[in-house]
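Engineer:
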Amino acid sequence: MPNPKHVLKYFYQILIISFLILSCSEQNKNNQSNQIKEEDTTLHLAADSIVHGVWQPFLVDSSWSLPEVGVIPNYLLPSAGDTNIWSEFDSIVRPLEYPEGGPGDTTLHVVPLTVKINPVIVPLIMPEPQELYPMRSVTNANYDIQYLDIEQGLPGSGVPELAMDSIGRLWMASVNGAICYDGKRQFVFTKENGLLADRITTMLFDSRGNLWLGHAGGISVTDGLKVLKFDGEFSDDGDITQIYEDSKHNIWITSAGYGAYCFNGDSLVLYGKDQGLEAFYSGCIVEDPLGRIWVGAYDKEPSIISGDTIFNTTYWGPLWTYIEFHAEKDPEGSILFSTYGAGVSKVSFKDNKIYDIKRKGHQAYVVQTSAVDADGNIWLGTETDGVMCVSADHTPMPHFTTENGLTDNTITDILIDDYGIIWVSTLAGGICKINPHGFEHHNEQQGLASNTVMTTFIDHLGTIYAGFWPGGFYQYENGLWRNFYDDDNIHKAIILDIEEDKDYNLIVSTHGYGIRKFFRTHPDSNSFYGNAHYYTNVIPSGLTYDLLIDKDSGIFITDYSTGIIKILHDSVFWFTESSNLPSASMHSSAQTENGDIWAASANHGISLIRKNQIKQITTREGLLSNNARWPFVDSENNVWITYSTPGLTKIINGNEDSMIHFLPEDGLFTGKINSITEDNFGTLWLATNMGIVNMSHNGQSPNEYQSILYTPADGLKALDYMAHSGTIDSNNVIWFGTRQGLDLC
1333 MPNPKHVLKY FYQILIISFL ILSCSEQNKN NQSNQIKEED TTLHLAADSI
1383 VHGVWQPFLV DSSWSLPEVG VIPNYLLPSA GDTNIWSEFD SIVRPLEYPE
1433 GGPGDTTLHV VPLTVKINPV IVPLIMPEPQ ELYPMRSVTN ANYDIQYLDI
1483 EQGLPGSGVP ELAMDSIGRL WMASVNGAIC YDGKRQFVFT KENGLLADRI
1533 TTMLFDSRGN LWLGHAGGIS VTDGLKVLKF DGEFSDDGDI TQIYEDSKHN
1583 IWITSAGYGA YCFNGDSLVL YGKDQGLEAF YSGCIVEDPL GRIWVGAYDK
1633 EPSIISGDTI FNTTYWGPLW TYIEFHAEKD PEGSILFSTY GAGVSKVSFK
1683 DNKIYDIKRK GHQAYVVQTS AVDADGNIWL GTETDGVMCV SADHTPMPHF
1733 TTENGLTDNT ITDILIDDYG IIWVSTLAGG ICKINPHGFE HHNEQQGLAS
1783 NTVMTTFIDH LGTIYAGFWP GGFYQYENGL WRNFYDDDNI HKAIILDIEE
1833 DKDYNLIVST HGYGIRKFFR THPDSNSFYG NAHYYTNVIP SGLTYDLLID
1883 KDSGIFITDY STGIIKILHD SVFWFTESSN LPSASMHSSA QTENGDIWAA
1933 SANHGISLIR KNQIKQITTR EGLLSNNARW PFVDSENNVW ITYSTPGLTK
1983 IINGNEDSMI HFLPEDGLFT GKINSITEDN FGTLWLATNM GIVNMSHNGQ
2033 SPNEYQSILY TPADGLKALD YMAHSGTIDS NNVIWFGTRQ GLDLC
């Protein structure tokens, strides 16, 4: 039986320990707001034993020759999934030849019918604004695709058409009215607000700023104050399918089953079946460069109206297809017809040719709408296949479907705004906003081994590599991820960093699997013929967070527990505390043009190594914190220092006596910085735990900056960016590694 005195003694000890723990916890809680200040005080005490701000000898602690390392063959195998769906197109080219009696022959058809109109005029009643939840991305979105649907507050999921007004507000046609969206709120205009009907089939803003709304058998026109209702002039059972303004500011209206109307401000001029229009079941309308109006139909080939003349292309034989859903004009004046089962047909008046553009290697598909961007790319909305793009230079383009971010594959309309954003309306998924220059996501859904990306790297050929925790490292080329395998299970390793040496071989550091060198077959090749394995009994690799190929072509390794190691030719040099390093715990390093190495150490600031000398830089010499993390050297030879807490230091031109600091309260960025990357324009991209920050010069001073913060609301997948996660490819696209895969921007 236990002695009661001993039990009581242990009880008092437990109470004392518990009290101490609670006191410490409360003290930590109270001091949380002063984290940086308290940390620096502690770190000063830890750093008191080292010499600050003066040069000391940088000595080799120990060295030895590497043993002979055999070359182990490695195999490069494809991963299980393809990151993107790509669309490629072929064109069948035919001459545009008009037969005898073609457009311009005024004896071909009869004069159209003119009808006077007398619209009903009522005041427009402004609806109350309704707050909407922010746009969001679907879980599996691999691109910057966001959507707005019923769950965000839209009155319905079906949106047949889009329009944009002069101040950038998006308008949506719906069965529940005309919806105006300003980015945060919606204003829903219905019959109660003065419209002819709730159901909107099509819409147009004319050159005067008036909004034209099509209904079943009627039109509503509003200038923002009043509404003009056109009702009795149209058949009640015929949907208004398109409203179009020509170069003379006439308004053209197509009505399903009743032909085309031209409104000249006073009268409606009908071009229908009785007037000789073959395409009287009209679906779309557009003007060519000669001022002629082309009318597409659901059951005939297009008809051409020129003044009082109608020319039906049925007479030339099959032009492309008997069903045209949508007509669009590109910057050159060519007409694009979206068709049923035949892709898109382009009628070019520049070279008098017809281009039947079909998707390569696929059966016929239905194109319901199209739009042309500022670069001449043709964006196609399909019936069941989402959004495709026919690139201006005929290169493959991403194909957007529900597999990579769309909410619905049935596309009803496409609108491209002044910023190049693609707005897509769908049959049952609300609207989607595609930023073709924005974020893209790669993760396990594309066949990658893990969602946790530890590091990214781009080689001299522009090829992307990514290292995972765990899962080895992958190479990305031509839309396909490929994994590296070898006999020593590199595909199972945790990859911490990837670099390239002067001979273009890849150097890979791992956790627990040593250091690998993959030998490149040829400087211009993306293949490797084998690798060398520097095992853990020679090269420590507990947590080798950072590799640096220095000016001597040596491999410079900073390790979290063993100091600094340098591999030069066949020798290994080891530097620890006896080499005048302040600590064996090193994070990462960077090198400036003069060969200086800036090595970050845990709790002891920066070790500046210059040839055979070392200088320690801490808060006493001006750093924000002694817990420095990731030094980065930009294109102007400035050294940027990040910390374990928010804050950023710029060491100008690599001069340790010239520092400027940036803090969150300066308004430039928020969050702790885990990676810095510089793009081709000298802009810094900071991966933080609050989002990605674009930090650029404001044009006034080289040391004054402005920033833009991107968050999940802008399409980011995650906020947990890893160290060394950012790299830039030849297309100026930044790749960021996260615990949720890769973000591209």
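Here the sequence shown stands for residues 1333 to 2077, where the numbers follow our numbering. Glycine included, every Cβ here is placed at the ideal spot set by N, Cα and C. Because the structure is a prediction, the values reported are computed rather than measured.
Is it the case that the Cβ atoms of Ser-1599 and Ser-1567 are separated by a distance below 8 Å?
Structural biologist: no
Engineer: Going by CA-CA distance only, name the one from Trp-1813, Asp-1750, Asp-1740, Asn-1767 that's closest to Asn-1775.
Structural biologist: Trp-1813
Engineer: Taking the beta carbon of Gly-1844 as the centre, do at least 16 other beta carbons fall within 10 Å, making it buried, or is it exposed?
Structural biologist: exposed
Engineer: Can you say whether His-1731 is buried or exposed, counting buried as having 16 or more other CB atoms within 10 angstroms of its CB?
Structural biologist: By the 10 Å Cβ count, His-1731 comes out buried.
Engineer: Is Trp-2067 helix, strand or coil when you go by DSSP?
Structural biologist: In the displayed model, Trp-2067 falls within a strand according to three-state DSSP.
Engineer: Beta-carbon of His-1547 versus every beta-carbon of chain C: anything under 8 Å?
Structural biologist: Note that chain C does not occur in the displayed structure, where there is just one protein chain.
Engineer: From Ser-2039 to Gly-2023, what does the alpha carbon distance come to, in whole angstroms?
Structural biologist: 12 Å
Engineer: Buried or exposed: where does Ala-1781 fall if 16 or more other Cβ atoms within 10 Å of its Cβ makes it buried?
Structural biologist: buried
Engineer: Is DSSP giving Gly-1986 helix, strand or coil here?
Structural biologist: helix
Engineer: Leaving out five residues on either side along the sequence, give the residues of the same chain with a beta carbon under 8 Å from the beta carbon of Pro-1455.
Structural biologist: Gly-1526, Leu-1557, Lys-1558, Val-1559
Engineer: Which of helix, strand or coil does DSSP assign to Ala-1798?
Structural biologist: strand
Engineer: Quick check on Leu-1391: buried or exposed, where buried means 16 or more other Cβ atoms within 10 Å of its Cβ?
Structural biologist: Exposed, because fewer than 16 other Cβ atoms sit within 10 Å of the Cβ of Leu-1391.
Engineer: Could you spell out the range, first to last residue, of the beta strand (DSSP E) harbouring Val-1756?
Structural biologist: 1754-1758
Engineer: With distances taken between CB atoms, is the gap from Met-1535 to Trp-1584 smaller than 8 Å?
Structural biologist: Between Met-1535 and Trp-1584, the gap from beta carbon to beta carbon reaches 8 Å or more.
Engineer: Going by Cα to Cα distance, which pick from Ala-1703, Met-1720, His-2029, Ala-1798 is closest to Gly-1752?
Structural biologist: Ala-1703
Engineer: Closest by CA to Pro-2044, which one among Leu-1464, His-1694, Val-2025, Ser-1423?
Structural biologist: Selected option, being the one with the closest Cα: Val-2025.
Engineer: Closest by CA to Gly-1589, which one among Trp-2067, Asp-1606, Ala-1825?
Structural biologist: Asp-1606
Engineer: Roughly how many angstroms separate the alpha carbons of Thr-1908 and Tyr-1465, rounded to a whole number?
Structural biologist: 55 Å
Engineer: Leaving aside the five residues before and after Ala-1934 along the sequence, list all residues of the same chain whose C-beta is less than 6 Å from its C-beta, in chain order.
Structural biologist: Ser-1917.
Engineer: Indicate the three-state DSSP secondary structure (helix, strand or coil) for Arg-1531 in the structure shown.
Structural biologist: Of the three classes helix, strand and coil, the one that applies to Arg-1531 here is coil, per DSSP.
Engineer: Please return the same chain residues whose Cβ sits closer than 8 Å to the Cβ of Val-1452, not counting the five positions on each side in sequence.
Structural biologist: The residues are Leu-1560, Lys-1561, Asp-1563.
Engineer: Measure the CB-CB distance between Tyr-1475 and Glu-1772 and report whether it falls below 8 Å.
Structural biologist: In contact: Tyr-1475 and Glu-1772 (Cβ atoms closer than 8 Å).
Engineer: Can you tell me whether Glu-1493 is buried or exposed? The criterion is at least 16 other CB atoms within 10 Å of its CB, across all chains shown.
Structural biologist: buried
Engineer: For Lys-1765, name the three-state secondary structure that DSSP assigns.
Structural biologist: strand
Engineer: Terminal residues of the continuous beta strand (DSSP E) containing Gln-1478?
Structural biologist: 1477-1480
Engineer: Nearest CA to the CA of Asn-1926: which residue from Glu-1968, Asp-1891, Leu-1913?
Structural biologist: Glu-1968
Engineer: On the DSSP bridge assignment, give the partners of Leu-1879 in chain order.
Structural biologist: Ile-1889
Engineer: Would you identify the three-state DSSP class for Ser-1967, choosing helix, strand or coil?
Structural biologist: coil
Engineer: Could you check if Trp-1801 belongs to the surroundings of the ligand NAP, using beta carbon to heavy atom distance under 7 Å?
Structural biologist: The model on display carries no ligand, and the ligand NAP is accordingly not part of it.
Engineer: Does DSSP classify Ile-1449 as helix, strand or coil?
Structural biologist: coil
Engineer: Check Glu-1664 in the structure and name its three-state DSSP category.
Structural biologist: coil
Engineer: To the nearest angstrom, how far is the alpha carbon of Ile-1938 from that of Ser-1859?
Structural biologist: 38 Å
Engineer: To which residues does DSSP link Trp-1930 through a beta bridge?
Structural biologist: Ala-1922, Leu-1940
Engineer: Going by beta carbon distance, what residues of the same chain come within less than 7 Å of Ser-1355, once the five residues before and after it are set aside?
Structural biologist: With a pLDDT of only 39 at Ser-1355, under the threshold of 50, the placement of this residue in the model should not be trusted; the figure read from the coordinates follows. Excluding residues within five positions, none has a Cβ falling inside 7 Å.
Engineer: Taking only three categories from DSSP, how would you classify Ala-1412?
Structural biologist: With a pLDDT of only 44 at Ala-1412, under the threshold of 50, the placement of this residue in the model should not be trusted; the figure read from the coordinates follows. Reduced to three states, the DSSP call for Ala-1412 is strand.
Engineer: Work out the CA separation of Thr-1714 and Ser-1976 for me, nearest whole Å.
Structural biologist: Rounded to the nearest angstrom, the gap between the Cα atoms of Ser-1976 and Thr-1714 is 49 Å.
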